[in-house]
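Undergrad: In terms of the numbering used here, the numbers along the sequence shown are unbroken and rise by one, the last being 1150.
Here it is, the structure, as structure tokens.
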Amino acid sequence: MGDMTLHWSPRSPFVRKVMVAAHELGLVDRLTLRRTVVQMTKPNPDLLPDNPLSKIPTLVLADGTVLIVSGLICEYLDSLAGGGIIIPAAGPERWKELSRHELATGFLDLLILWRNERNKPAERQTAEWLSSFATKASASLARFESEAGPIAPGPLQLSGIALGCCLSYLDFRFEDLDWRASHPRLAQWHDEFRQRPSAIATEVKDDG
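See the structure below:
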């Protein structure tokens, strides 16, 4: 049993970010995973005492301190491993990395909202929203394609963790988009990501 408890789901890409980071940093053995189901329409009463927003990931430390939001939890894990490993400790590179991370995380937020809209009955869907989501997704993929390159040796940076989880979520929930065909450099980058031990160990599963 680890000394930190992570409210966890095998389907959540945000939880996966934390798990990939923990594997990259060699800290996964310090996490006790607590299976926690969350839904937008049904707050989880067992989670509310730790996180009143009823969202995962939520990390409970040994002293009872609670950390929420995947990026913050990943930054905390980075500090436990010595700091400056998956997030530069200071200087311009830190801000560039955090900005890249926020773009990838924002794209993931967009995809989840898009999926929620697509899953509504046709008569309840908003065409303008669907069009907006599609336009923003296309622009985001174009940006990532322009910046894609080989993954550097060593632990994967936080922005790469977020992007890898985001693209895997695209494969998992948006098979019809076929994003790889028009983004070959990004597809190659994601193939490298998928081969990392941290990605293999945390592959998304739909357990119902």
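Using N, Cα and C, we set each Cβ at its ideal position, and we do this for glycine too.
Apart from the five residues on each side of it in sequence, which residues of its chain come closer than 6 Å, Cβ to Cβ, to residue 1128?
TA: 1086, 1087, 1090
Undergrad: Tell me which same chain residues have a C-beta within less than 7 Å of the C-beta of residue 1122, skipping the five on either side of it?
TA: Same-chain partners within the cutoff: 1129.
Undergrad: Who are the near neighbours of residue 1068 in its chain, counting only those whose CB is closer than 8 Å to its CB and skipping five residues on each side?
TA: 1059
Undergrad: What does residue 946 pair with, by DSSP beta-bridge criteria?
TA: 973
Undergrad: Could you check which residue in 957, 995, 1147, 1111 has the C-alpha nearest to that of residue 1056?
TA: 1111
Undergrad: Can you tell me which of 1093, 946, 1133 puts its alpha carbon nearest to the alpha carbon of residue 1005?
TA: 946
Undergrad: Between the C-alpha atoms of residue 983 and residue 1095, what's the straight-line distance to the nearest angstrom?
TA: 42 Å
Undergrad: Going straight from the alpha carbon of residue 1007 to that of residue 970, what length do you get?
TA: Distance between the alpha carbons of residue 1007 and residue 970: 19 Å.
Undergrad: How big is the Cα-Cα spacing for residue 1084 and residue 1103?
TA: 18 Å
Undergrad: Smallest Cα separation from residue 1003: which of 1066, 955, 949?
TA: 949
Undergrad: Quick one: which unbroken alpha helix (DSSP H) runs of 4-plus residues sit fully inside the stretch 1059-1138? Chain order, please.
TA: 1069-1089, 1100-1115, 1126-1136
Undergrad: Assuming residue 1009 contacts residue 1001 under a Cβ cut-off of 8 Å, what Cβ separation, rounded to an integer in Å, is found between them?
TA: 4 Å
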